[in-house]
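**Student:** In this note's numbering, the protein residues as written are 235 to 366.
Note that the Cβ used here is the ideal one computed from N, Cα and C, for glycine as well.
Submitted below is the structure of interest, expressed as structure tokens.
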């Protein structure tokens with residue numbers, strides 16, 4: 235077993251559980267180091283402005299989104315229809331809205347297709363983990 239995993243020793247078919255645990259520990263150290271570095275860079279950018287390096291600009295960027303009250307969204311849907319367009323090609327139910335409806339998948343499947351969620355590799359707290 236190695237305590238420091240390097241690219242040459244990283245062969246999945248030869249790894250043991252102890253090696254995987256060491257790899258997790260190393261990843262968590264790296265992630266913490268990256269978090270601390272980003273915090274320092276954010277503080278620098280706040281004081282001095284954007285940093286350009288390696289063809290990238292590090293700065294604060296704003297994003298925006300729209301929120302509509304239900305009655306106003308209904309009016310907007312009507313305007314889209316008046317323009318000769320199908321409002322439902324532009325408006326859709328979010329996953330959180332569907333959860334609030336609490337309709338079973340069997341019922342929803344009569345009206346649409348369930349998209350398979352993306353598979354993500356990440357950690358979760360062990361007490362929250364459910365074996366598939």
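Go through the segment 311–353 residue by residue and report every complete run of the alpha helix (DSSP H) that reaches 4 residues or more, in order.
**Tutor:** Runs found: 329–335, 339–342.
**Student:** Taking just the CA atoms, how far does residue 311 sit from residue 304?
**Tutor:** 10 angstroms
**Student:** Express the C-alpha separation of residue 265 and residue 256 in angstroms, rounding to a whole number.
**Tutor:** 14 angstroms
**Student:** Would you check if the segment 296–303 and the segment 281–288 touch, i.e. whether three or more CB-CB distances between them fall below 8 angstroms?
**Tutor:** no
**Student:** Rank 274, 328, 290 by C-alpha distance to the C-alpha of residue 349 and give the top, closest one.
**Tutor:** 328
**Student:** With DSSP run on the structure shown, which of helix, strand or coil describes residue 290?
**Tutor:** In the three-state reduction of the DSSP assignment, residue 290 falls in the strand class, which pools E and B.
**Student:** Could you check what DSSP says for residue 358 in three-state terms: helix, strand or coil?
**Tutor:** coil
**Student:** Starting from residue 262 and walking both ways along the alpha helix (DSSP H), at which residues does that stretch end?
**Tutor:** Run containing residue 262: 251–282, per the alpha helix (DSSP H) assignment.
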